[in-house]
């Protein structure tokens, strides 16, 4: 397993790998890996002869007052986990190597990032799509793997790849959960034991809405009401949003005959958590 820090060296490795006729899979991460990340790595390992994992805490996707400085980091632990896959390359650049001091170009998917988290984290998705576009240009993968927990991020990247004619495949992997249902996230490390217990309200709310939907397809408003009721039963869970949207466009859900994304963002203590489920008729 190689560790590469500079974009130019990463591109040279990719050029040589492509020249040998090997397929490259990329899994972009911000590190502090968990089993959800490992599921993405295993998917990439199964689909390509060469696997690159990037570890880069991207400053442009954090807003003022967010947790950039305290975002959990443990490179040695991450590297040990990635060796078990195994990953061929860890690409871990410094911010100064990724963004020049006079950089002024952004990549933004506008409509699909307007609601949900985009309404509460202005500029976040612009930072995500910009850094992912840069990673695609540097690593030159044939495919890239993303998790469905960050569903709006997935849709924004798919939109960017389509609109800008990137020559690669985007592969999505379902949410990986703890045994009790909590969606795996690096930010779960912030939770105290009591907060960890309260955080289960998100997955319980989604399960209640899913059970209601399975009895008979219902409107987005009804699904939101069911999920909100469960969240409100747990003290210490501050709802940011509960929304039902079209699973493809992320526009407000207009029909019970199309797949619906039910998405939740909430704060438990100081930790912001997200979760979602897709309901198909």
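Numbering (this note's numbering), first residue to last: 119 to 399. Positions of the beta carbon are idealized from the N, C-alpha and C atoms, including for glycine.
Separation of residue 176 from residue 370, as counted between CA atoms: 30 angstroms
Selection from 383, 393, 279, 319 that minimises the alpha carbon distance to residue 350: 319
Cα-Cα separation, residue 372 to residue 139: 46 angstroms
Straight-line Cα distance separating residue 322 from residue 156: Across the structure, residue 156 and residue 322 are spaced so that their CA atoms are roughly 24 angstroms apart.
Every unbroken alpha helix (DSSP H) inside the segment 318-357 [4 residues or more]: 318-333, 338-350
Secondary structure of residue 304, DSSP reduced to three states: helix
Assigned secondary structure, residue 233 (DSSP; H/G/I helix, E/B strand, else coil): coil
Distance CB(residue 379)-CB(residue 269) smaller than 9 angstroms: yes
Where residue 123 falls: helix, strand or coil (DSSP): Of the three classes helix, strand and coil, the one that applies to residue 123 here is coil, per DSSP.
Close beta carbons around residue 343, own chain, < 8 angstroms, minus the five adjacent residues each side: none
Close beta carbons around residue 401, own chain, < 6 angstroms, minus the five adjacent residues each side: There is simply no residue 401 to check, as the chain begins at 119 and stops at 399 in what is shown.
Every unbroken beta strand (DSSP E) within the segment 198-251, with a cutoff of 3 residues, ordered by chain: 207-209
Neighbour-count burial assignment, residue 282, 16 or more Cβ in a 10 Å radius: exposed
Sufficient close CB pairs (3 or more, under 8 angstroms) joining the segment 288-296 to the segment 150-167: yes
Three-state secondary structure assigned by DSSP to residue 396: strand
Beta carbon of residue 136 nearer than 9 angstroms to that of residue 263: no
Residue ranges of each beta strand (DSSP E) within the segment 159-187, 3 or longer: The beta strand (DSSP E) runs of length 3 or more contained entirely in the segment 159-187 are, from start to end of the chain, 168-173.
Beta-carbon gap between residue 143 and residue 168 smaller than 9 angstroms: yes
CB-CB length for residue 193 against residue 383, believed under 8 angstroms: Rounded, the Cβ-Cβ distance is 28 angstroms, inconsistent with contact.
Proximity below 9 angstroms, CB of residue 219 to CB of residue 125: no
Residues bridged to residue 359 [DSSP beta-bridge criterion]: Answer by DSSP bridge pairing, in chain order: 383.
Secondary structure of residue 274, DSSP reduced to three states: helix
9 angstroms Cβ cutoff met for residue 272 and residue 256: For the 9 angstroms CB-CB criterion, residue 272 and residue 256 do not form a contact.
Neighbourhood of residue 355 by C-beta distance below 7 angstroms, restricted to the same chain and skipping five residues each side: 316, 319, 349, 384, 386
For residue 139, three-class secondary structure by DSSP: coil
DSSP-derived helix/strand/coil call for residue 145: strand
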